[in-house]
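Novice: Chains as they are written, first to last, in my numbering: chain L, 1288 to 1623; chain G, -18 to 820.
The beta carbon of each residue, even a glycine, is placed where N, CA and C say it ideally should be.
This one's a predicted model, so the numbers in the text were calculated from it and none came from an experiment.
Here's a structure for you.
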Amino acid sequence: MAVIRDVIPAFELFQPASIEDAQSLLARYGPEGWVLAGGLDTFDWLADRIKRPTAVVDLGQIKGLSGVRVVDGGLEIGAMTTLTEVVQHPVVREKYRLLAEAAEAAASPQIRNQGTIGGNVSQDARCWYYRAGWPCYRAGGNICYADTPKGLNREHAILDADRCVAVNPSDTAPALIALDAKMVIRTPKEERVVDAEDYFIGPATDITRMTVLQPGDLLTAIRIPSTWAGAQFYFEKVRDRNVWDFALVNVASATKVSGSAIGDVRLVVNGVAAHPVRLKAVEAAVTGKPRNEATAELAGQLAVQGAQPLQHNGYKVPLMTNLVKRAIRGVAGEAA
Amino acid sequence: MPREKDLPKRASRDPKRSGDDLRVIGAARRRVDSRGKVTGQPIYADDISLPRMAHCKLLRSPHPHARIRSIDTSRASAHPGVYLVLTGKDMPIEYGILPVSQDETALATDHVRHVGDPVAAVIAREELTAFEALDLIDVDYEVLATISSPEEALATPEPRLHTYGEEGNIHKRVSFEFGDVNVGFAEADEVFEDLFFYQGSTHLAMEQHASVAAKDRDGKLTLWTSTQVPHYLHRSLAKVLGMPTGHIRVIATPCGGGFGGKSDPMNHELIVSKAALMLDRPVKISLTREEVFYCHRGRHPVLMKFKAGVKKDGTLTALDLQTLVDGGGYGSFGVASTFYTGALQTTAYHLPRYKFRACRTFTNKPPCGPKRGHGTPQPRFGQEVQMDKIAERLNIDPAELRLRTAVKPNELTANFLQLGTVGLSECIERVVAMSGWKDKFRKLPEGRGVGLACSCYLTGAGLSIYWNQMPHSGILLKLDRGGGVTLQAGTTEIGQGSDDVLSAIVAEILGINTADIRVYSGDTDLGPVDLGSYSSRVTLMAGNAAVQAAERAKAMLAEVVAERLEVPPEYLVFANNHVFDPGAAEKKLTFPEAICLAEAKFGTIGTAGSYWPPKMPAAKYKGGGVGTSPTYTYSAAIVEVEVDPNTGWLRVVNVWNTHDLGRALNPTLALGQVEGSIYMGLGEALMEEQDFRRLPKKLSHALVHKAPSMLDYKSLTSLDMPPVYTEFVEGPDPRGPFGAKEVGQGPMLPIAPAVANAVFDAVGVRIDEVPITPEKILKALAEKKAGRAPRFGPKHFPQIQWPEPLRVPPPWEGGDGRAINDTPKPPKPAAKVEKVLSR
């Protein structure tokens, strides 16, 4: 563990003008290369001297990676679009308000001006042992420091842990899954599109990565289909303080109501596992049910089935229950 | 200007008091240094850049506890751009803020005691070069067993962190008994035993420490540095560098917050000074945020056991308090902090018998020291939460219980602290009225609650850190023929507004505007000694010295003006830049005219003022000096919270508070101090933790500091501050300048216990430790549901081998302030104390 940080070691900076150039640079440098989007996650790693790439490939000069476009009745958001642009975009606000709310809950105004939506969904795991450079499972070692009797783990996972108990703290990720977004990925060979739900992976799949992106792959855009435009949305984020803080738990839902019953619903929680958790069992259970307290109760109980809290994060279980209940009710604010 | 409606309501406790004739004092004003500050003009230490300046970086220990077998600096020294590499052997003289704890060296000589302990320094042309060269220093460490907690320290006498101290890894034990507590417990109707834990926290000043040292043309040293204590630093520099203080000038640069974190002489200050002298070049160091976490000197984590005897009517019969203090790797202020974990338990509520035992241990963590409230927030938390439990059990309203037991003005306490004015009852009455307490307490719906707590704090430590008979503060005034006044002070403006307060005092007395006064402070060459900005001492002590200096100048002016106007000097009024006889409109001179007359008669007009705290004859027992103060302030706070019983989620809804500050010299500044205190108190109550965890035994067993960054060390943001409602309770204290007492620390103390008490009112569980987090509330709620004691908190206080207590009979048992079982010390020479100034 480095003991004095805050000074970024020297690296070579590339600012390619095309995706092809970016990928050839990444191919050339291999594990010594690093992709830079908004820099928020990057500069923490570099200033802490935990990651020491020799070449940094800045995507900021590639035309077409930034901006929000209306496509096929839905939206295509360039991966380099800042969170502020997402928040302020009129169509996002009008039809996909869920995403605007989620993006606006991230970090602080200054960080949202700089941070990108691609970076927000692709950020690395949150665990202060991992981030401090301790050689844990995720860092290639053979121990999890957080999941020990004296470990500090109040921010950590209650679901789907496998050796590593770190969480994905992204705020936009659950909103994008709820909106059934598609992630456009450029591999060195081809362009492929994956569902947002499948973009995120857990430690059981690959403990060193958070997404399906392989080295050399780039996320170029996020497409939001019109399927859920104008649905009833619910987003809520619980954090220790009201700004500049990661979610302890957040919830995003999109609901279509038919009559007084829930017609179709997508419900996603983050901050509880290494990937956003889509609650399919809850979705199935509440579909067709009236939007009332009994349904909310059912959903809340079902949501946390299988939860395995650690020593200091048991509070996340009722917190998640409550957020899911609120999402089903569709209204915030009630204490219970 | 601040709007009147934004300022706190101010209640005078003395309706007869005059003082409305004051023009500067008591008026809400912009502070004198505001223009520069809001336009970004102060030159902070990190802004200083001098020709030929070199940069310093420190190599810090990655191990919490290790012996240094060897250090090889040859590769670093040979690195291009490196001027100098220093190690412990280059400056082996030990120093420390307290004479009894000279246990630090600027760089480790052979032993590192916490992660971040400095081992070597590189001085290079560029900062980055210095940084790179750190990697070229080869240190061979022999890793030692680490001690992570006081309990471990008690159980692990070897290896010792230090060779001094009491024994093993116990740094200091203190033990007192003021009256037989067993008699008190026998008289009690109920006896309460409660355990509390107060977590450590750090200061989190916005400005990171930075220093620049330079060798002057004549070979002397100047050090510009962000410090609260230029005088004590001055002394440590002289000791470590082996130079007379007259050859060293310390300039305290504008300070972006101290809160106690800049009250020790710091290793980096000594290192750049040494390097500047050796290289004959200016040398600068700017610590990173992470390094500031390693410097620390913050709040001591304290485990406490309170045993209180109470009669049915709420009268306290005895208190037996034990504290176990986690000191970290060095002494710092720790001996004083240890005394403070019990010194002020007698100053809020009348305690007829009091037993106090405290133990500070060394642990392999950054050293703890003074943070706002210095050693007293921890036991204040315990005492105030216990008072709430007592009120609950006895079915007495907590406000009423406190009113019944509040100390009286000028009381001499069981441990022989001489109180001054006491506004505690007024504070309680007013905070109860302004918050609507009577309609809320135990009446709000489930999940909402209010909690009350009070506090008491010193207005300046009664004793200097090193024994001497000289004044604690001095002020020089020079009056210019044109009417300008130069004020030279040794005080340190750390943002609290000391320059403003001193200007206001002088302006008030001389009848001029603060704009006509120029203040030079924080410079050991220009100003007389002031002990520093700590213990809430500056307004009272330097303020009184300013009163004396200004009164002396005024007397000279009055004499010459009286002669010229042919009126008795006592008729003269100094106001509006004039000296005049209010009875005769034509009899007046301008202030500059008065100065010219005076200068013609007396020569250069310069005066000096000094301040000594009142002699403290009361506490004559050994250790009785800690806790003494010219006078004490009182606070009361009511916090309203919302707790979600399902998730334990806690939100602070409102804070009401009252503070007995004697007189608000500038209400704008006083309000800033109160709100800042509440902000800091809420941070400690809700989330701040200087937290460490031990790794599992099969892994190195090393002690890990939770990521030392402002992202992971959480403190409140402006969006997290609840509405704060403040009222000042004013009753001028004759010991303070214009009656002023402290306001910088006291208002913080009741916040954490008030939050804990409010959580109990909201959901019926006791959280007997801070920070109070949702997971702790949830665990306590689970206990309650299971039919067990509805609380979360420590469950065990270790057995400590206490020394025989010093037995000091309290005043009401005929005690004279001496211990009856102590070996008498030879009497100290009589102090050459001037009559203490009072207005």
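Identify each residue in the segment 102 to 120 of chain G for which the Cβ-Cβ distance to at least one residue of chain L is less than 9 Å, and report them in chain order.
Specialist: Within the segment 102 to 120 of chain G, the residues whose Cβ lies closer than 9 Å to some Cβ of chain L are E108, L109, F112, E113, L115, listed in chain order.
Novice: G1620(L) CB to nearest chain G CB: under 8 Å?
Specialist: Working through the first sequence from its first residue, we reach residue 1620(L) at position 333. Here the model assigns G1620(L) a pLDDT of 38, short of 50, so the residue's position is not dependable and the matter cannot be decided.
Novice: For R1578(L), which three-state DSSP category applies?
Specialist: Taking the first sequence and counting its residues from 1, one reaches residue 1578(L) at position 291. In the structure shown, R1578(L) sits in coil (DSSP, three-state: anything other than H, G, I, E or B).
Novice: When the Cα atoms are used, what is the spatial distance from L79(G) to V789(G)?
Specialist: Sequence index remark: in the second sequence, residue 79(G) carries index 98 (1-based). Sequence index remark: in the second sequence, residue 789(G) carries index 808 (1-based). Those two C-alpha atoms are separated by around 25 Å.
Novice: Let's see if you can read the secondary structure: which residues bound the beta strand (DSSP E) around Q1519(L)?
Specialist: The residue labelled residue 1519(L) in the question sits at position 232 within the first sequence. That run of the beta strand (DSSP E) goes 1519 to 1525.
Novice: Please decide whether N345(G) counts as near chain L, where near means a Cβ-Cβ distance under 8 Å.
Specialist: To locate residue 345(G), count along the second sequence from 1; it is residue 364. Cβ-Cβ to chain L under 8 Å: no for N345(G).
Novice: So is V1294(L) in contact with chain G if we call contact Cβ pairs under 8 Å?
Specialist: For the purposes of this step, residue 1294(L) is identified with residue 7 of the first sequence, where counting begins at 1. So yes, V1294(L) belongs to the interface.
Novice: Mind checking if R4(G) is an interface residue toward chain L, Cβ cutoff 8 Å exclusive?
Specialist: Numbered from its first residue, the second sequence carries residue 4(G) at position 23. Closer than 8 Å: no.
Novice: If you drop the 5 nearest sequence neighbours on each side, which residues of the same chain put their C-beta closer than 6 Å to that of T90(G)?
Specialist: Locating residue 90(G) in the second sequence gives position 109, where the first residue counts as 1. Excluding sequence neighbours, T90(G) sits near G69, P73.
Novice: Flag Y1234(L) as yes if its beta-carbon sits less than 8 Å from any beta-carbon of chain G, otherwise no.
Specialist: No answer is possible for residue 1234(L): it lies beyond the span of chain L, which begins at 1288 and ends at 1623.
Novice: Taking Cβ to Cβ, would you say V736(G) is nearer than 8 Å to K765(G)?
Specialist: For the purposes of this step, residue 736(G) is taken as the residue at position 755 of the second sequence. For the purposes of this step, residue 765(G) is taken as the residue at position 784 of the second sequence. No; because the gap between Cβ atoms is not below 8 Å, this pair is not in contact.
Novice: Give the interface partners of T1371(L) over in chain G, defined as CB-CB distance under 8 Å, in chain order.
Specialist: Within the first sequence, numbered from 1, the residue matching residue 1371(L) stands at position 84. The contacting residues do not exist; T1371(L) stays about 18 Å from chain G at best.
Novice: With distances taken between CB atoms, is the gap from T850(G) to R216(G) smaller than 8 Å?
Specialist: It is not possible to answer for residue 850(G), since the shown part of chain G is limited to -18 through 820.
Novice: Let me know if L491(G) comes out buried or exposed under the rule of 16 or more other beta-carbons within 10 Å of its beta-carbon.
Specialist: Here residue 491(G) is taken as the residue at index 510 of the second sequence, counted from 1. Label assigned to L491(G): buried.
Novice: For Y1432(L) and chain G, any beta-carbon pair shorter than 8 Å?
Specialist: Here residue 1432(L) corresponds to residue number 145 of the first sequence, with the count starting at 1. For Y1432(L), the answer is yes, since a Cβ of chain G falls inside 8 Å of its Cβ.
Novice: Under the three-state reduction of DSSP, which class applies to D1458(L): helix, strand or coil?
Specialist: Position 171 of the first sequence, counted from the first residue, corresponds to residue 1458(L). Reduced to three states, the DSSP call for D1458(L) is coil.
Novice: V1530(L) versus chain G: which residues are under 9 Å apart at the beta carbon?
Specialist: Within the first sequence, the letter at position 243 stands for residue 1530(L). Here the neighbours are T698, S699, L700, D701.
Novice: On the three-state DSSP scale, how would you describe F1298(L)?
Specialist: Mapped onto the first sequence, residue 1298(L) falls at position 11. F1298(L) falls in the coil class under three-state DSSP.
Novice: At 4 residues or longer, and completely inside the segment 546 to 617 of chain G: list those alpha helix (DSSP H) runs for me, N to C.
Specialist: Counting whole runs of 4 or more residues, the segment 546 to 617 of chain G contains the alpha helix (DSSP H) stretches 572 to 583.
Novice: Quick test of the definition: if touching needs 3 or more C-beta pairs under 8 Å, does the segment 641 to 659 of chain G touch the segment 476 to 489 of chain G?
Specialist: Enough Cβ pairs lie closer than 8 Å, so yes.
Novice: Given P1422(L), which residues of its chain have a CB within under 7 Å of its CB, disregarding the five upstream and five downstream residues?
Specialist: As a working note, residue 1422(L) is residue 135 in the first sequence. Same-chain partners within the cutoff: G1428.
Novice: Using the C-alpha atoms, what's the distance from G1354(L) back to D821(G)?
Specialist: For residue 821(G) there is no data in the structure shown, the boundaries of chain G being -18 and 820.
Novice: Alpha carbon to alpha carbon, what distance is there between G350(G) and S318(G)?
Specialist: Translated into positions along the second sequence, residue 318(G) becomes position 337. Translated into positions along the second sequence, residue 350(G) becomes position 369. Each residue's alpha carbon lies about 7 Å from the other.
Novice: Taking 8 Å as the threshold (beta carbon to beta carbon), is W1415(L) in contact with chain G?
Specialist: Along the first sequence, read from residue 1 onward, the residue named residue 1415(L) stands at position 128. Yes, because at least one Cβ of chain G sits closer than 8 Å to the Cβ of W1415(L).
Novice: Any Cβ of chain L within less than 8 Å of the Cβ of L759(G)?
Specialist: The sequence position of residue 759(G) within the second sequence is 778, counting from 1. By this cut-off, L759(G) is an interface position.
Novice: On a CA-only basis, which of A600(G), V528(G), M668(G) is nearest P752(G)? Give me that one, please.
Specialist: Taking the first residue of the second sequence as 1, we reach residue 752(G) at position 771. Among A600(G), V528(G), M668(G), the Cα nearest to that of P752(G) is on M668(G).
Novice: Could you check if L700(G) is buried or exposed, using at least 16 other CB atoms within 10 Å of its CB as the buried criterion?
Specialist: Residue mapping note: residue 700(G) aligns to position 719 of the second sequence, counting from 1. Exposed.
Novice: According to the Cβ coordinates, are I732(G) and A688(G) closer than 8 Å?
Specialist: Numbered from its first residue, the second sequence carries residue 732(G) at position 751. Numbered from its first residue, the second sequence carries residue 688(G) at position 707. Contact flag unset, no.
Novice: Give me the Cβ distance between E365(G) and H1599(L), rounded to the nearest whole Å; I'm assuming they're in contact under 8 Å.
Specialist: For this step, residue 365(G) is matched to residue 384 along the second sequence. For this step, residue 1599(L) is matched to residue 312 along the first sequence. With a Cβ gap of about 26 Å, E365(G) and H1599(L) do not count as contacting.
Novice: For W205(G), does the three-state DSSP call read helix, strand or coil?
Specialist: As a first step, residue 205(G) is located in the second sequence; it is residue number 224 there, counting from the start. Here W205(G) sits in strand by DSSP.
Novice: Short of 7 Å in beta carbon distance, which residues of its chain neighbour Y213(G), apart from the five on each side in sequence? Order them along the chain.
Specialist: As a first step, residue 213(G) must be located in the second sequence, where it is residue number 232. Excluding sequence neighbours, Y213(G) sits near I78, P246, I446, G513.
Novice: In three-state terms, what does DSSP make of K370(G)?
Specialist: Along the second sequence, one-based indexing puts residue 370(G) at 389. Three-state DSSP puts K370(G) in a helix.
Novice: How many Å lie between T1371(L) and L1327(L) at the Cα?
Specialist: Here residue 1371(L) refers to the residue found at position 84 of the first sequence. Here residue 1327(L) refers to the residue found at position 40 of the first sequence. Answer to the nearest angstrom: the Cα atoms are 14 Å apart.
Novice: Which residue marks the beginning of the beta strand (DSSP E) containing R675(G), and which one marks its end?
Specialist: Along the second sequence, one-based indexing puts residue 675(G) at 694. Run containing R675(G): 673 to 675, per the beta strand (DSSP E) assignment.
Novice: How should S819(G) be labelled, buried or exposed, when 16 other C-beta atoms within 10 angstroms of its C-beta is the threshold for buried?
Specialist: Residue numbering aside, residue 819(G) sits at position 838 when the second sequence is read from its first letter. Residue placement at S819(G) is flagged as unreliable, the pLDDT there being 37, under the threshold of 50; the coordinate-derived value follows with that caveat. By the 10 Å Cβ count, S819(G) comes out exposed.
Novice: Would you say G1438(L) faces chain G, with C-beta separation under 8 Å as the test?
Specialist: Mapped onto the first sequence, residue 1438(L) falls at position 151. At least one chain G Cβ lies under 8 Å of G1438(L).
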